[in-house]
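Counted the way the UniProt record's numbering counts, the sequence shown spans residues 1 to 477.
Here a beta-carbon is modelled for each residue, glycine too, at the ideal position from N, C-alpha and C.
In this text the structure is predicted, and so the values were computed from the model without any measurement.
One structure below.
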Amino acid sequence: MELLKKVESDRLTGSPPTLTIQSTFEIPPSAFDAVAPKKSWTSESCGLGWTFNLKPNGYAVHNGILTKMTACQLYINFDAAFLSQPTHQIKSVQCVLDRREGLGLTDCNVDLCKNDLPVTSSVHIGALVHFSSGVTLPTTLTCLVALAPRMEARVGGRLGTERIASFTLDSMTGEHFVDTKVYAYTRRSRGGAINPHSFFIHSTIVHQYGCEPLSLLFGKAEDFHSENALLDLHRLPESKESLVAVDYQDDSDLEDEDEVDARGHHSHEPKIAQEHLQSIPVDSEDESKDPKGEKRSDTASSISQETTLPHIVRNASHAEIFEVVGQYQNALRYGRIKVLSNGAYRTWHAIIQYIYTGRIEFAPLRSTKRPRPTSKACSPKSVYRIAAEYGMDALKTLAFEEVSSNITVDNVLEEIFSSFAHMYPEVYDFCMRNVIQWRKTSEIQTGILVRLQDYGEVVMEDHEKKTMKEIVARLIP
Numbered sequence: 001m002e003l004l005k006k007v008e009s010d011r012l013t014g015s016p017p018t019l020t021i022q023s024t025f026e027i028p029p030s031a032f033d034a035v036a037p038k039k040s041w042t043s044e045s046c047g048l049g050w051t052f053n054l055k056p057n058g059y060a061v062h063n064g065i066l067t068k069m070t071a072c073q074l075y076i077n078f079d080a081a082f083l084s085q086p087t088h089q090i091k092s093v094q095c096v097l098d099r100r101e102g103l104g105l106t107d108c109n110v111d112l113c114k115n116d117l118p119v120t121s122s123v124h125i126g127a128l129v130h131f132s133s134g135v136t137l138p139t140t141l142t143c144l145v146a147l148a149p150r151m152e153a154r155v156g157g158r159l160g161t162e163r164i165a166s167f168t169l170d171s172m173t174g175e176h177f178v179d180t181k182v183y184a185y186t187r188r189s190r191g192g193a194i195n196p197h198s199f200f201i202h203s204t205i206v207h208q209y210g211c212e213p214l215s216l217l218f219g220k221a222e223d224f225h226s227e228n229a230l231l232d233l234h235r236l237p238e239s240k241e242s243l244v245a246v247d248y249q250d251d252s253d254l255e256d257e258d259e260v261d262a263r264g265h266h267s268h269e270p271k272i273a274q275e276h277l278q279s280i281p282v283d284s285e286d287e288s289k290d291p292k293g294e295k296r297s298d299t300a301s302s303i304s305q306e307t308t309l310p311h312i313v314r315n316a317s318h319a320e321i322f323e324v325v326g327q328y329q330n331a332l333r334y335g336r337i338k339v340l341s342n343g344a345y346r347t348w349h350a351i352i353q354y355i356y357t358g359r360i361e362f363a364p365l366r367s368t369k370r371p372r373p374t375s376k377a378c379s380p381k382s383v384y385r386i387a388a389e390y391g392m393d394a395l396k397t398l399a400f401e402e403v404s405s406n407i408t409v410d411n412v413l414e415e416i417f418s419s420f421a422h423m424y425p426e427v428y429d430f431c432m433r434n435v436i437q438w439r440k441t442s443e444i445q446t447g448i449l450v451r452l453q454d455y456g457e458v459v460m461e462d463h464e465k466k467t468m469k470e471i472v473a474r475l476i477p
């Protein structure tokens, strides 16, 4: 491994929070010499923790002749410290090769640009030089790395721990740390969903994330104030115990009724406690008396006799409401219930955790046949779908990167023919590019022949037929 030396110290341009760091290197003639032994060149450490690598390829056949053809592949490598920092992301990398007269460089790509780099340790920028004709003088390579703040770092001016800490401190003075109980479904059944499970949130934390559609969903933009409502957070109406239809039937975060693990249990049950949807029992001997035997107020009595749930008490004085809270500490509290029908429990739980902490754990695509690593790992497709619906661009990008990193020659056909790819052009186009790239492999050729047979037997969905027509048009000139 040879060293690419810097011509000068890195230069910093732009103004916070958007920055550009320029690094300039000297490339010796031997880097372009196809006759010399193949060598890889690596730069000194640059910027906030990255290096550049140049990997020559050597001889190649051009127009039937063995030619001094050097495709110098350029990479940028990020160290672990930069990848783990929470504030900035790489927006683009631009690399410019000095092509002054007399250097001997011909037919070169002198200007490469890579936008929206994935969060990985090594990224291929491109082929920098295609042909060499006796390079005798050193040349210079200038690399411009543009950084921008991560989306989650811009939200509300405060990140995860600091933002949540303020609510923790408020709870010390009696403020409620949660004001909303969220229900979402865990299991698919005959086209619908069943088994709602719950988790708690503070709607203000969600609101401070800065996504207006989410604020609307969880009530902050509906002029909802938790101190104005008192409800039974431990009971869900029977009408909400199942969902008639599922927005996205292929959602892998919804488990099928007969899906069991190796021990014969439903796979999520050992990890997630079953939610009891029945009401909390009230003393049947005398509902109008408190534990001390004294008569309860009319407000308390009306609550215990009310059968419509979730129960909400409004238009009562604060003194009356506090009295009720004291008598029913395990059953009543300030807040609201939100039942979500457009995503699975596992998906929404992971998304809210991401809003709180900036972290999310993805499961492999079902088409990879790899197991879910933990019970909380969620489908990147399901997260992508909800992030797209609510305009959560940073989360959508993370989910897309996870989806694309799971697509291989073994499962790309299954993915491109899926209803998910049909719904989202970005995913469909990514799959199509890979089908074209891998068209000469046995996996793609065999898979297309099998699906052509399905096409002839009219067993395809309409979107699958449309996909097949486009693949055939692309592969057959």
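Contacting residues, own chain, Cβ-Cβ under 8 Å from residue 206 (five flanking each side not counted): Walking along the sequence shown from the start, residue 206 turns up at place 206. 214, 215, 218, 220, 352 and 355, listed in sequence order.
Boundaries (first-last residue) of the beta strand (DSSP E) holding residue 196: On the sequence shown, residue 196 is found 196 positions in, with the first residue counted as 1. Going by DSSP, residue 196 is part of the beta strand (DSSP E) stretching over 192-201.
Between residue 95 and the ligand GTP, is the CB less than 8 Å from at least one heavy atom? You won't find the ligand GTP in this model; it holds no ligand whatsoever.
Along the chain, which unbroken stretches of the alpha helix (DSSP H) at least 4 residues long are found entirely within the region 352-379? Here no run is fully enclosed.
Grab me the residues of residue 475's own chain with a C-beta within less than 6 Å of its C-beta, minus the 5 sequence neighbours each way, in chain order. Here residue 475 refers to the residue found at position 475 of the sequence shown. So the list reads 439, once near-sequence residues are dropped.
If you check the beta carbons only, do residue 196 and residue 428 fall under 9 Å apart? Looking up residue 196 in the sequence shown gives position 196. Looking up residue 428 in the sequence shown gives position 428. No, the pair does not count as a contact, with Cβ atoms beyond the cut-off.
DSSP-derived helix/strand/coil call for residue 382: Mapped onto the sequence shown, residue 382 falls at position 382. Taken through DSSP and simplified to helix, strand or coil, residue 382 comes out as helix.
The alpha helix (DSSP H) spanning residue 428 covers which residue range? By one-based count along the sequence shown, residue 428 stands at place 428. Unbroken alpha helix (DSSP H) run through residue 428: 425-437.
DSSP beta-bridge partners of residue 347: If you number the sequence shown from 1, residue 347 lands on position 347. In DSSP, residue 347 forms no bridge with anything.
Would the region 398-405 count as touching the region 375-383 if we require 3 or more Cβ pairs under 8 Å? Counting C-beta pairs with one atom in each stretch, the region 398-405 and the region 375-383 have three or more that are closer than 8 Å, which means they touch.
Grouping DSSP H, G and I as helix and E and B as strand, with all else coil, what is residue 409? As a working note, residue 409 is residue 409 in the sequence shown. Three-state result, residue 409: coil.
Rounded C-alpha distance that separates residue 387 from residue 347: For the purposes of this step, residue 387 is taken as residue 387 along the sequence shown, with counting starting at 1. For the purposes of this step, residue 347 is taken as residue 347 along the sequence shown, with counting starting at 1. The alpha-carbon of residue 387 is positioned some 11 Å away from that of residue 347.
Of the residues 146, 426, 395 and 349, the one placed nearest residue 182, counting alpha carbons only: As a first step, residue 182 is located in the sequence shown; it is residue number 182 there, counting from the start. Nearest C-alpha to residue 182: 349.
In the DSSP assignment, find the unbroken alpha helix (DSSP H) run with residue 467 in it and report its ends. If you number the sequence shown from 1, residue 467 lands on position 467. Counting along the chain, the alpha helix (DSSP H) containing residue 467 begins and ends at 462-475.
Which residues share a DSSP beta bridge with residue 25? Start at 1 with the first residue of the sequence shown, and residue 25 comes out as number 25. Residue 25 is bridged to 6 and 141.
Report buried or exposed for residue 95, applying the criterion of at least 16 other Cβ atoms within 10 angstroms of its Cβ. Counting from 1 along the sequence shown, the entry for residue 95 is found at position 95. Flag for residue 95 reads buried.
Using three-state DSSP, classify residue 449 as helix, strand or coil. Sequence index remark: in the sequence shown, residue 449 carries index 449 (1-based). Three-state result, residue 449: helix.
Whole-angstrom C-beta distance between residue 20 and residue 145, which should lie under 8 Å: Locating residue 145 in the sequence shown gives position 145, where the first residue counts as 1. Locating residue 20 in the sequence shown gives position 20, where the first residue counts as 1. Cβ atoms of residue 145 and residue 20 come within 8 Å of each other, at about 7 Å.
Using the three-state DSSP reduction, which class does residue 178 fall into: helix, strand or coil? The residue labelled residue 178 in the question sits at position 178 within the sequence shown. In the structure shown, the three-state DSSP call for residue 178 is coil.
What does residue 185 pair with, by DSSP beta-bridge criteria? As a working note, residue 185 is residue 185 in the sequence shown. In the DSSP assignment, residue 185 forms a beta bridge with 196 and 344.
What residues in its chain sit with their C-beta under 6 Å from that of residue 417, if we drop five residues either side in the sequence? Counted from its first residue, the sequence shown places residue 417 at position 417. Answer for residue 417: 464 and 467, listed in chain order.
Please classify residue 76: is it buried, with 16 or more other beta-carbons within 10 angstroms of its beta-carbon, or exposed? Reading the sequence shown from its first residue, position 76 is the one you call residue 76. Its Cβ being crowded by 16 or more others within 10 Å, residue 76 is buried.
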